[in-house]
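Visitor:
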Ligand code: B12
Ligand code: SF4
Ligand code: SF4
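Numbering (our numbering), first residue to last: 1324 to 1724.
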């Protein structure tokens, strides 16, 4: 971490967030860009140059080599090289417009009628990749009308080849919180990010002189200790990685820490004072279609068919974890709920779920909910089970009952 002095303020900043000098006369003003962005559905917008991000490649490579991105196989040194230089993606780019969509729709209480899981807020509504694609296209067409010519562009959000947060911070859309998320004034970190690389010379905005000061709430409250140091998230320990990106078994030592999260995790954002003061926005694209899109019933998740899964989650980001991933997470959340009433549901999943991954995690959950019913169900399942990984899970669970 480096502390730079700016006049009287000292704030933590990264070398790749320092503004590069402008080498052109702006063709379009910042005000005009913000007006177009708002028309296209972006509540916040800021602009930076398309110059390389100094030091970003080395930092990303250091992260990869330290194992902080292990499991995200696409995140390799070649990707780090491209991500550090926007012109490697668009050699004619003159500006990057960083665009944000806030999605905090107000406090939400999980109903306590039956055991339910939690889905991260960003995934309650329509998959943000779709939302960005549509709004970025609209933004581009408005920009073409404004400049009166076709614009060469790359429209990006969450792609493997750029670091959305780096553009957001250098442009001053927001600043880095210690949880590594970008905090946008007025919205906390409840803001999804995307950008338009364009061949238009646009007036740029300035980075913000902000940091977290002495606060360390997100580091202290992260359930798994995944924020290993300020600004450094160890992905294999992060529940967002384990519940969404993990295709196989969730490591046993992480399972008790997952709590009731079945898709993503919002803890580091929820505990942040800036996020606590976020404005409530009403963006229909981020609104849940039903309660199962934000606090799904765990029993239903364990029993849902492929058709039911698709009926509820088609078009949302939750599809990414697939039915078996979501059911696996639900089994773990049931084990964590500590409610013995769910034992018969887990027994049924252990006996009859079509996915070995889910049977294995149901065994683990039964091992947590010790009792005679769990033990005899595990004994019976061990005799009937043919999958070696599930047998191993059952043996491990029997040791804990
Ligand atoms: C890989 C990835 C993940 C991984 C790894 C996360 C990580 N922190 O690296 C996993 C699966 C764990 C993950 C989780 C989440 N993600 Co994610 N993820 C990405 C992705 C695809 C790449 C991120 C990346 O490049 N990571 C490498 C690290 C090194 O870069 P970074 O995350 O930007 O971290 C910055 C800081 O570390 C900072 N930094 C480093 N050292 C220093 C030193 C100083 C002094 C300072 C000031 C800063 C600083 O610079 C880094 C570069 O920008 C981006 C989309 C994209 N293409 O950019 C989305 C993205 C970062 N994710 C996003 C979201 C919403 C999430 C979750 C909140 C989802 C959830 N609710 O479950 C969690 C949050 C977890 C967390 N605390 O980060 C949003 C973040 C929006 C925002 N306002 O910040 C993004 C931008 C997607 C989008 N287009 O909106 N994610
Ligand atoms: S998303 Fe959850 S697990 Fe990941 S760093 Fe934040 S609090 Fe920790
Ligand atoms: S919780 Fe505190 S340390 Fe973490 S991002 Fe928010 S202000 Fe920064």
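Cβ atoms here follow ideal geometry from the backbone N, Cα and C, with glycine treated the same way.
1. Regarding residue 1497 and ligand 1, is the C-beta to nearest heavy atom distance less than 8 Å?
2. Among the candidates 1552, 1531, 1564, whose CA atom is the shortest distance from the CA of residue 1503?
3. So, does the region 1358-1376 touch the region 1462-1475, judging by three or more C-beta pairs under 8 Å?
4. Just to confirm, are residue 1511 and residue 1424 a CB contact at a threshold of 9 Å?
5. Do the CB positions of residue 1374 and residue 1349 come within less than 9 Å of each other?
6. Give every residue of the same chain whose Cβ lies closer than 6 Å to the Cβ of residue 1691, excluding the five residues on either side of it in the sequence, and list them in chain order.
7. Which two residues bound the contiguous beta strand (DSSP E) that contains residue 1477?
8. Taking the continuous beta strand (DSSP E) assigned at residue 1425, which residues delimit it?
9. Can residue 1540 be considered in contact with ligand 3, in the sense that its beta carbon sits closer than 8 Å to one or more heavy atoms?
10. Can you list every residue whose CB sits closer than 6 Å to some heavy atom of ligand 2, going in chain order?
11. Can you determine whether any heavy atom of ligand 1 sits closer than 8 Å to the C-beta of residue 1339, and answer yes or no?
12. Output needed for residue 1342: all residues of its chain with C-beta closer than 8 Å, excluding positions within five of it in sequence on either side, in chain order.
13. How long is the line joining the alpha carbons of residue 1590 and residue 1426, rounded to whole angstroms?
14. What's the C-alpha gap between residue 1334 and residue 1722?
15. If you follow the alpha helix (DSSP H) that residue 1670 is in, where does it begin and where does it stop?
16. Rounded to whole angstroms, how far is the Cβ of residue 1644 from the Cβ of residue 1564, which I believe are closer than 8 Å?
17. Let me check one thing: in DSSP terms, what residues is residue 1439 bridge-paired to?
18. Can you give the beta carbon distance from residue 1443 to residue 1524, rounded, assuming they're within the 8 Å contact cut?
19. My guess is that residue 1685 and residue 1673 are in contact by the Cβ rule of under 8 Å, so how many angstroms apart are they, rounded?
20. Quick one: does the C-beta of residue 1617 sit closer than 8 Å to a heavy atom of ligand 1?
21. Quick one, which of 1649, 1664, 1662 has its alpha-carbon nearest residue 1678's?
22. Considering residue 1403, what are the terminal residues of the alpha helix (DSSP H) in which it resides?
23. Which one or two residues does DSSP pair with residue 1600 in a beta bridge?
24. Among the candidates 1608, 1703, 1558, whose CA atom is the shortest distance from the CA of residue 1388?
25. List the endpoints of the continuous alpha helix (DSSP H) containing residue 1627.
26. My guess is that residue 1438 and residue 1665 are in contact by the Cβ rule of under 8 Å, so how many angstroms apart are they, rounded?
27. For residue 1543 versus residue 1499, is the C-beta spacing smaller than 9 Å?
28. Can you list, in chain order, the residues of its chain with a C-beta nearer than 6 Å to that of residue 1357? Leave out the 5 residues immediately preceding and following it.
29. Taking the alpha-carbon positions, what's the residue 1449 to residue 1497 distance?
30. Evaluate residue 1632 with the Cβ neighbour count: other Cβ atoms within 10 Å of its Cβ, from every protein chain shown; 16 or more gives buried, anything less gives exposed.
31. Taking the alpha helix (DSSP H) that residue 1387 falls in, what are its first and last residues?
32. CB residue 1715 to CB residue 1682, shorter than 9 Å?
33. Whose C-beta lies closer than 8 Å to the C-beta of residue 1351 among residues of the same chain, with five residues either side of it excluded?
34. Roughly how many angstroms lie between the CA atoms of residue 1485 and residue 1675, to the nearest whole one?
35. Quick check on the DSSP output: what are the complete alpha helix (DSSP H) runs of length 4 or more inside the region 1525-1581, in order along the chain?
36. Using the beta-carbon count (16 or more within 10 Å), is residue 1581 buried or exposed?
Guide: Considering the structure as presented:
1. Yes - ligand 1 has a heavy atom lying nearer than 8 Å to the Cβ of residue 1497.
2. The option with the nearest alpha carbon to residue 1503 is 1552.
3. These segments touch.
4. No. Outside cutoff.
5. Not in contact: residue 1374 and residue 1349 (Cβ atoms no closer than 9 Å).
6. Around residue 1691: 1658.
7. Residue 1477 -> beta strand (DSSP E) spans 1476-1479.
8. 1418-1425 is the span of the beta strand (DSSP E), which, as asked, contains residue 1425.
9. Yes - ligand 3 has a heavy atom lying nearer than 8 Å to the Cβ of residue 1540.
10. In chain order, the residues positioned with their C-beta nearer than 6 Å to some heavy atom of ligand 2 are 1502, 1545, 1546, 1547, 1549, 1550, 1556, 1561, 1562, 1563, 1588, 1590, 1591.
11. In terms of side-chain proximity, the C-beta atom of residue 1339 is found nearer than 8 Å to a non-hydrogen atom of ligand 1.
12. Cβ within range, chain order: 1371, 1372, 1493, 1527, 1529, 1530.
13. Each residue's CA atom was taken as its position, placing residue 1590 and residue 1426 some 16 Å apart.
14. Spanning the two alpha carbons is a distance of roughly 51 Å.
15. Note, residue 1670: alpha helix (DSSP H), 1666-1675.
16. The pair is not a contact, with the Cβ atoms about 11 Å apart (cut-off 8 Å).
17. DSSP lists 1620 as partners of residue 1439.
18. With a Cβ gap of about 38 Å, residue 1443 and residue 1524 do not count as contacting.
19. About 4 Å; that satisfies the 8 Å criterion.
20. Not so, every heavy atom of ligand 1 lies at least 8 Å from the Cβ.
21. Cα-wise, what sits closest to residue 1678 is 1649.
22. Run containing residue 1403: 1400-1406, per the alpha helix (DSSP H) assignment.
23. None, per the DSSP bridge assignment.
24. Shortest Cα-Cα distance from residue 1388 to any of 1608, 1703, 1558 involves 1558.
25. Run containing residue 1627: none; DSSP gives neither H nor E here.
26. The pair is a contact, with the Cβ atoms about 6 Å apart (cut-off 8 Å).
27. Cβ atoms of residue 1543 and residue 1499: not closer than 9 Å.
28. Only 1368 meet the Cβ criterion.
29. Pairing residue 1449 with residue 1497, the inter-Cα distance amounts to about 24 Å.
30. If you draw a 10 Å sphere on the C-beta of residue 1632, you find 16 or more other C-beta atoms in it, and that means buried.
31. DSSP places residue 1387 in the uninterrupted alpha helix (DSSP H) bounded by 1379-1388.
32. Contact flag unset, no.
33. For residue 1351, the CB contacts under 8 Å within the same chain, skipping 5 residues up- and downstream, are 1466, 1469, 1470, 1523, 1524, 1525, 1526 in chain order.
34. Residue 1485 and residue 1675 have their C-alpha atoms some 43 Å from each other.
35. Within the region 1525-1581, the complete alpha helix (DSSP H) runs of at least 4 residues are 1540-1544.
36. With a 10 Å radius around the Cβ and a threshold of 16 neighbouring Cβ atoms, residue 1581 comes out buried.
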